[in-house]
Amino acid sequence: MTVGAPALTVRDVTKDFPSGGGTLRVLHGIDLDVGPSAQVAIVGPSGSGKSTLLSIMGTLEDPTTGDVVVGGVSTATMSDGDKAALRSRAFGFVFQQFHLLEHVDATRNVELGLLYAGFTSKERRERALAALDRVGLGRRTSHRPGQLSGGEQQRVAVARAIAHDPRVVFADEPTGALDQATGASVMELLRGLTSTALVVITHDEAVAASLPRLVRVRDGRIEQDVDQVVRA
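Letter 56 of the sequence shown, counting from 1, is numbered 56 in full-length UniProt numbering, and no numbers are missing.
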């Protein structure tokens with residue numbers, strides 16, 4: 001990784017999907033820089049391309065043209081295996097659904113997220129416990145998902161996303177399955193991740209207003225990219 005480089009840069013990205021015997025372009029020449037400690041909300045109506053953009057930023061999906069540069073390193077010519085290795089080191093993901101294994105406890109759920117990040121078994125355990133403590137679940141480490149509230153399960157998901165100290169945490173509708181108060185507490189937790197960049201996809205204007213940078217996507221293009229005063 002290049003010292004001093006943005007955590008992530010999107011360069012002239014387009015994305016096409018097959019449609020009715022032709023192609024449908026859902027992203028049109030997207031350019032976006034995310035600084036090392038940036039906190040960015042990406043908003044837009046359904047079908048605007050924001051979730052596709054997140055998938056491409058996180059190297060879960062390839063652009064049709066353009067490049068995603070992570071820490072100064074281009075991903076354009078990386079193999080699928082190299083991109084998977086990059087994701088395991090550089091990115092953390094939080095989704096609307098928690099994606100926790102019901103038959104294992106919180107600690108094991110976080111540990112499993114570290115399997116491909118190059119840590120020893122002892123390191124995985126230590127990092128899982130430290131991450132759970134960081135999200136306020138230090139006393140719930142042996143609880144299985146069914147013994148935790150929705151907000152607590154999302155906190156386990158956040159712990160899993162941050163346990164390896166990623167460059168960027170991507171959160172796709174992280175409050176979508178939570179009530180307003182619980183969602184606000186999860187956003188407070190995410191905003192506290194000052195050592196990593198944060199990119200949040202949301203349709204919730206209150207969530208968007210809680211982050212210092214707003215990117216608005218419409219019809220596959222960036223319509224607005226502004227700094228904003230964060231509401232308390």
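Glycine is no exception: its CB is placed at the ideal position from the N, C-alpha and C atoms.
Based on Cα-Cα distance, which residue from ARG221, ASP204, ASP31 lies nearest to GLN96? ASP204
Between which two residues does the beta strand (DSSP E) containing ARG216 stretch? 213-218
Any idea if ARG167 is buried or exposed, counting beta-carbon neighbours within 10 angstroms, 16 or more meaning buried? buried
Backbone secondary structure at GLN224 - three-state DSSP: strand
GLN224 burial status per 10 Å Cβ neighbour count (16 or more: buried): exposed
Between the segment 213-221 and the segment 33-42, do at least 3 Cβ pairs fall closer than 8 Å? yes
Evaluate LYS122 with the Cβ neighbour count: other Cβ atoms within 10 Å of its Cβ, from every protein chain shown; 16 or more gives buried, anything less gives exposed. exposed
Cβ contact (3+ pairs, closer than 8 Å) linking the segment 12-26 and the segment 72-85: no
Sort out for me which residues DSSP pairs residue 238 with in a bridge. Limits of the chain in this structure are 1 at one end and 232 at the other, which puts residue 238 out of reach.
Just to confirm the assignment, what range does the beta strand (DSSP E) spanning ALA171 have? 168-172
Contact set for THR9: own chain, Cβ-Cβ below 6 Å, skip 5 residues either direction: ASP33, VAL69
With DSSP as the reference, label GLY66 as helix, strand or coil. strand
Express the C-alpha separation of ALA106 and residue 239 in angstroms, rounding to a whole number. Residue numbering for the chain in the displayed model covers 1 to 232; residue 239 lies beyond these limits and cannot be assessed.
Write down the C-beta distance between ALA208 and ALA38 rounded to the nearest angstrom, noting that I regard them as a contact closer than 8 Å. That pair is no contact at about 14 Å.
Alpha carbon to alpha carbon, how far is THR59 from GLY71? 13 Å
Could you check what DSSP says for GLN39 in three-state terms: helix, strand or coil? strand
Run the CB neighbour count on ASP172, radius 10 Å, all protein chains shown included, and call it buried at 16 or more, exposed below. buried
Whose C-alpha, out of LEU190, LEU53, GLU111, ASP67, is nearest the C-alpha of VAL26? LEU53
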